Amino acid sequence: MPSQALPGFRDFYPDELELRAHIFRTWREVARRYGFEEYDGPPLEPLDIYTAKSGAEIVGQLYTFTDKGGREVALRPEMTPTFARMVAARANGLRKPIRWFSMPQLFRYERQQRGRLREHFQLNCDLVGEPGPLADAEVIALAIDVMRAFGLTEHEVRARVSDRRVLRSLLTAAGVSEAQLGDAYQAIDKAERSRAPELAAQLHAAGLGDAAIEGVFAVAAIRGRPALEAALADSPDGGAAAPLFATLDALDAMGLGAYIDVDLSIVRGLAYYTGTVFELFDAGRTLRAICGGGRYDGLLLALGGVDLPALGFGMGDVVLAELLKDRGLAPAPAANVDVFVAAVTPEDVPHALAVAHELRDAGIACEFALGGQPLGRQLKLADARGAGRAIVIGPDDRARGEVVVRDLAGKTQAPVRRDAVLTALASGAAVAHTRSGDG
RNA sequence: GUGGUUGUAGCUCAAUUGGUUAGAGCGCCGGACUGUGGCUCCGGAGGUUGCGGGUUCAAUUCCCGUCAGCCACCCCA
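The opening residue of the first sequence carries number 348 in the working numbering; numbering runs sequentially from there.
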């Protein structure tokens, strides 16, 4: 048994890379539709840009080492610190709002499971410089439109949306103190996965009273806009949800309302979110989150020293690829070549090479048999390669100054003058492409 | 990092309460088929049964360890 890839790392065979390329193409195409520009940064960064934000305990989940210059470095586990640095460095010169996206490969040293590896690619889209609710709608809409571009409908993917400003208002009204908010968020985040008595015990240990604990569970159970509006009716700060509602209205106006579930159990694990938070899930909830993001208005100040409102999301390729395969939405295998050039006898081979290279110069993908196989075997290979046409060159054809152009799907063929091969291919029956979708 | 569970050709899976040479389909290579492909038929290559140890006359099968996958926890930047 030869060595294999490290746990959590992937070898991409051609058919798997095909899916990855499909995901990358789609990510770029949809981001472009929203006016986002692509950027990138180094995959290796100083360790402290990650510990500064998340504390030293994060080191256990990073790939770190000391480089030959004595620097503590880490393979990037996330893009946000790099993004914050880049934005901060040129903040004054960049026209706001900034719409940037990237597709970094990220690394984290953790026990892998389905949908969670030690290495993955992640679409990061961030919008900086706009505090208003339309920015939130733009970012959520972009995430949803990526799903739609893959052919995923509102029956297959759900966007669960909440807002930390709303959570804070409701929890405060229920008697949760400012200092206890973090514990309350954590309990809400786990509400669907953990048992209520355990969570209640943890909250109790954090100093919450019975009424406040009950309030936390009540908030975590809010689903849908009417339920949220009802809860807010009893709240002293009913206006806390105004931005969220404006964002939801905007998504409705875009025609994407069918994808949205107001779901107050969504808080996101990160401490730095300040407003809208959202996650995308497959409708059956059999997989991990496809995408997560939200508004982080204080983070650029903390990381980069520029005080700009911002929000964004990250969408990994692993869960997405699982979902596309489950739903039969992975692209059909592409044809390797458009045309296969077959030589009947060894004497025909130089002529086949000349024709093949003419086609290649003209931008047509073509292949010929390297091993002098019989014609039948060559055509078999042409078929396996998905070629739409074959060009057959034999002594008889050459004697007439011709080649045979065969339509492999239609099983028809016709002689073509040797010097008219290119024009015949261009004007004849369309070269078959098996690719569908993004071709 | 903790606990549970599963590991048999490239892939999907078989192998009678432990029994002799570990099989099949798909895929791959070749032949039937040296100027016409997808089908069919025939043949071939490909396995230290994840790895190591133990029990036994005998281990793919039972036990232990280890590695890897999966599930839950942790974490989810």
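C-beta atoms are modelled at their ideal positions from N, C-alpha and C, and glycine is treated no differently.
Given the structure is predicted, the values throughout are model-derived calculations rather than measurements.
Contact set for alanine 435: own chain, Cβ-Cβ below 6 Å, skip 5 residues either direction: Taking the first sequence and counting its residues from 1, one reaches residue 435 at position 88. Sequence-distant Cβ neighbours of alanine 435 in its own chain, meaning closer than 6 Å and more than five residues away, are Gly651, Gly652 and Val653.
Do the region 406 to 419 and the region 451 to 459 make contact, defined as three or more Cβ pairs closer than 8 Å? As far as the Cβ criterion goes, the region 406 to 419 touches the region 451 to 459, which means the pair count is three or higher.
Are at least three pairs of beta-carbons, each pair with one atom in the region 544 to 561 and one in the region 498 to 508, less than 8 Å apart? Under the three-pair Cβ rule at 8 Å, the region 544 to 561 does not count as touching the region 498 to 508.
For alanine 618, which residues in the same chain have their Cβ closer than 6 Å to its Cβ, ignoring the five residues on either side in sequence? Counting from one through the first sequence, the residue named residue 618 turns up at place 271. Closer than 6 Å at Cβ, skipping near neighbours: no residue.
Which residue or residues does DSSP assign as beta-bridge partners of valine 475? Position 128 of the first sequence holds residue 475. The partner list for valine 475 (beta bridge, DSSP) reads Ile445 and Ala657.
Taking the beta strand (DSSP E) that glutamate 846 belongs to, which residues open and close that run? For residue 846 there is no data in the structure shown, the boundaries of the chain being 348 and 786.
Could you tell me the alpha carbon to alpha carbon distance between alanine 368 and glycine 417, rounded to whole angstroms? For the purposes of this step, residue 368 is taken as residue 21 along the first sequence, with counting starting at 1. For the purposes of this step, residue 417 is taken as residue 70 along the first sequence, with counting starting at 1. Going from the Cα of alanine 368 to the Cα of glycine 417 covers about 37 Å.
Tell me whether proline 393 sits in a helix, a strand or coil according to DSSP, three-state version. One-based indexing of the first sequence puts residue 393 at position 46. Proline 393 falls in the strand class under three-state DSSP.
If you compare alpha carbons, which of Gly571, Leu603 and Arg732 is closest to serine 612? Against the first sequence, residue 612 aligns to sequence position 265. Scanning Gly571, Leu603 and Arg732 for the CA closest to the CA of serine 612 turns up Gly571.
Check arginine 736 in the structure and name its three-state DSSP category. Translated into the one-based positions of the first sequence, residue 736 becomes position 389. In the three-state reduction of the DSSP assignment, arginine 736 falls in the strand class, which pools E and B.
Whole-angstrom distance between proline 721 and proline 693, CA atom to CA atom: In the first sequence, residue 693 corresponds to position 346, counting from 1. In the first sequence, residue 721 corresponds to position 374, counting from 1. Near 10 Å, if we compare the C-alpha coordinates of proline 721 and proline 693.
Nearest-angstrom Cα separation, counted from tyrosine 360 out to methionine 348: Residue mapping note: residue 348 aligns to position 1 of the first sequence, counting from 1. Residue mapping note: residue 360 aligns to position 13 of the first sequence, counting from 1. Here methionine 348 scores only 46 on pLDDT, less than 50, and its place in the model should not be relied on; the value that follows carries that caveat. Cα-Cα distance, rounded: 18 Å.
Confirm, please, whether the CB-CB distance from tyrosine 643 to alanine 657 is below 7 Å. Taking the first sequence and counting its residues from 1, one reaches residue 657 at position 310. Taking the first sequence and counting its residues from 1, one reaches residue 643 at position 296. In this structure, tyrosine 643 lies closer than 7 Å to alanine 657 by Cβ.
Identify the continuous beta strand (DSSP E) that holds alanine 689 and give its terminal residues. Taking the first residue of the first sequence as 1, we reach residue 689 at position 342. First-last of the beta strand (DSSP E) with alanine 689: 686 to 690.
Alpha carbon to alpha carbon, how far is alanine 701 from glycine 723? In the first sequence, residue 701 corresponds to position 354, counting from 1. In the first sequence, residue 723 corresponds to position 376, counting from 1. Their Cα atoms are separated by approximately 21 Å.
Restricting to runs no shorter than 3 residues, where is the beta strand (DSSP E) found entirely within the region 633 to 683? Listed in chain order, the complete beta strand (DSSP E) runs (minimum 3 residues) inside the region 633 to 683 are 638 to 642 and 657 to 663.
Using only the alpha-carbon positions, how far apart do glutamate 385 and alanine 548 sit? Translated into the one-based positions of the first sequence, residue 385 becomes position 38. Translated into the one-based positions of the first sequence, residue 548 becomes position 201. Glutamate 385 and alanine 548: Cα-Cα distance of roughly 46 Å.
Of all the options Asp608, Val609 and Ala636, which has the alpha carbon lying nearest to the alpha carbon of glycine 616? In the first sequence, the residue the question calls residue 616 occupies position 269. When only C-alpha atoms are compared, the closest one is Ala636.
Does the separation of the CB atoms of arginine 423 and glycine 355 fall below 7 Å? Stepping through the first sequence from its first residue, residue 423 is reached at position 76. Stepping through the first sequence from its first residue, residue 355 is reached at position 8. Contact flag unset, no.
Residues in its own chain within less than 7 Å of glycine 741 by CB, not counting five upstream and five downstream? Within the first sequence, residue 741 is the residue found at index 394, counting from 1. When the five nearest sequence neighbours on each side are left out, the beta carbons in the same chain lying within less than 7 Å of the beta carbon of glycine 741 are those of Val691, Thr692 and Asp695, in order along the chain.
For arginine 357, which residues of its own chain have a beta-carbon under 8 Å away from its beta-carbon, when the five flanking residues on both sides are left out? As a working note, residue 357 is residue 10 in the first sequence. If we look at arginine 357 and ignore the five residues flanking it on each side, its Cβ neighbours are Glu363, Leu464 and Glu466.
Going by CA-CA distance only, name the one from Gln469, Leu366, Ala438 and Glu365 that's closest to methionine 662. For the purposes of this step, residue 662 is taken as residue 315 along the first sequence, with counting starting at 1. Closest by alpha carbon: Gln469.
Give the DSSP bridge partners of arginine 505, in chain order. For the purposes of this step, residue 505 is taken as residue 158 along the first sequence, with counting starting at 1. Note: arginine 505 sits in a beta bridge opposite Phe628.
Round the Cβ separation of valine 614 and arginine 511 to the nearest angstrom and send it over; I've been treating them as touching at under 8 Å. The count along the first sequence starts at 1 and reaches residue 614 at position 267. The count along the first sequence starts at 1 and reaches residue 511 at position 164. Contact check for valine 614 and arginine 511: beta-carbon distance about 7 Å, within the 8 Å limit, so the pair qualifies.
If you follow the alpha helix (DSSP H) that valine 768 is in, where does it begin and where does it stop? Here residue 768 is taken as the residue at index 421 of the first sequence, counted from 1. Residues 768 to 774.
Identify which residue in Ala574, Val666, Ala488 and Ile607 has its Cα closest to the Cα of aspartate 473. For the purposes of this step, residue 473 is taken as residue 126 along the first sequence, with counting starting at 1. The residue with the shortest Cα to Cα distance from aspartate 473 is Ala488.
Nearest to alanine 438 (by Cα), restricted to the options Leu655, Leu676, Ala731 and Pro762: Within the first sequence, the letter at position 91 stands for residue 438. Nearest in C-alpha terms to alanine 438, of all of Leu655, Leu676, Ala731 and Pro762, is Leu655.
Using alpha carbons as the reference points, say which of Gly675, Val513 and Tyr381 lies closest to leucine 575. The residue given as residue 575 occupies position 228 in the first sequence. For leucine 575, the nearest C-alpha among the options comes from Val513.
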